[in-house]
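Written out below as structure tokens is the structure these notes cover.
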DNA sequence: ATGTCGTAACGTTTACGA
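Residue numbers (my numbering): 19 to 278.
Here you go:
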């Protein structure tokens, strides 16, 4: 089962680029972030025509997550538990049943947190504490869990082409990295790092200042696997080349192959 | 030259978030 995560930076602007990638990559499941659309305006037919089931959790203008799946999606829940006052659409869960295994899918768009310090950074860290709590609950199910999305975290200096440029940024501050490690330390595996080591693996290149042409990228999209999901991991990759196409997102897809 | 983009709105331009 091929499961991908992709921050598309606006569904309306990405219909062509996303459709072309789906036809080539043929993922079974896609976790989408930044759909920037309310549920009623999400163009589900485009994906249903390709055989995907579609579940969305959107809001006007900003944020918004969705799941596309060739197999039916069951037990769908929307919103990260832990703060009923949080209006941001950043979390969706569903279960997909493979040939051998059912997998709990979590699609997430973690707050950016800039400028730091400040209320937006406080919100980021509070959201990560809630994510850790939910991750712990999911571990207790002892089922395969896949948490994929835009984490807005540069885990280590090797995950940025220019680490010094991010030193004071909410994506790389020590408190951000520590909060990310606290989730991993519960027992989750970072899928890419289970397969690939070393620098130069990026999932985001800013639109500004020719970042793509200079390969000035960062790795901020991640897939975390529970132990039971990690046992099923057979491959992981980044579809880097689509960043160079017409009207690209500033992110590219990250995918895992699970023997599920 | 904040080397850009996507979305929304009191829209032909500005504000915001990233």
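Cβ atoms here follow ideal geometry from the backbone N, Cα and C, with glycine treated the same way.
Could you give the residue range of the alpha helix (DSSP H) that holds residue 39?
Looking at the DSSP string, the run of the alpha helix (DSSP H) that includes residue 39 is 29-43.
Locate the beta strand (DSSP E) running through residue 247, then write down its first and last residues.
Where residue 247 is concerned, there is no enclosing beta strand (DSSP E), although the alpha helix (DSSP H) it sits in stretches over 245-248.
Report yes if the C-beta distance between residue 22 and residue 276 is below 8 Å; otherwise report no.
Taking 8 Å as the Cβ cut-off, residue 22 and residue 276 do not qualify as a contacting pair.
Between the C-alpha atoms of residue 192 and residue 252, what's the straight-line distance to the nearest angstrom?
If I take the Cα positions, the gap works out to 32 Å.
Suppose you measure from the CA of residue 249 to the CA of residue 74; what does that come to, to the nearest Å?
Roughly 29 Å separates the two Cα atoms.
Please state whether the Cβ-Cβ distance between residue 202 and residue 149 is less than 8 Å.
Taking 8 Å as the Cβ cut-off, residue 202 and residue 149 do not qualify as a contacting pair.
Consult DSSP for residue 15 and reduce its assignment to one of helix, strand or coil.
Past the boundaries of the shown model lies residue 15; the chain is included only from 19 to 278, so the question cannot be answered.
How many Å lie between residue 230 and residue 220 at the Cα?
Distance between the alpha carbons of residue 230 and residue 220 is about 10 Å.
Do residue 85 and residue 96 have their C-beta atoms within less than 8 Å of each other?
Contact flag unset, no.
Using the beta-carbon count (16 or more within 10 Å), is residue 215 buried or exposed?
Exposed is the call here.
Bridge partners - residue 49, DSSP secondary structure assignment:
Residue 49 pairs with 23, 85.
Among the candidates 50, 206, 135, 155, whose CA atom is the shortest distance from the CA of residue 81?
The shortest CA-to-CA distance from residue 81 to any of 50, 206, 135, 155 is the one to 50.
For residue 35, the nearest candidate out of 167, 156, 260 (CA to CA)
The shortest C-alpha to C-alpha distance from residue 35 to any of 167, 156, 260 is the one to 260.
Residue 54: buried (16+ other C-beta within 10 angstroms of its C-beta) or exposed?
With 16 or more Cβ atoms within 10 Å of its Cβ, residue 54 is classed as buried.
Closest Cα partner of residue 179 within the set 223, 79, 61:
In terms of CA proximity to residue 179, 223 leads the group 223, 79, 61.
How many angstroms separate the CA atom of residue 129 from the CA atom of residue 170?
If you draw a straight line from the Cα of residue 129 to the Cα of residue 170, it is about 7 Å long.
Which partner residues of residue 220 appear in the DSSP bridge assignment?
Beta-bridge analysis with DSSP links residue 220 to no other residue.
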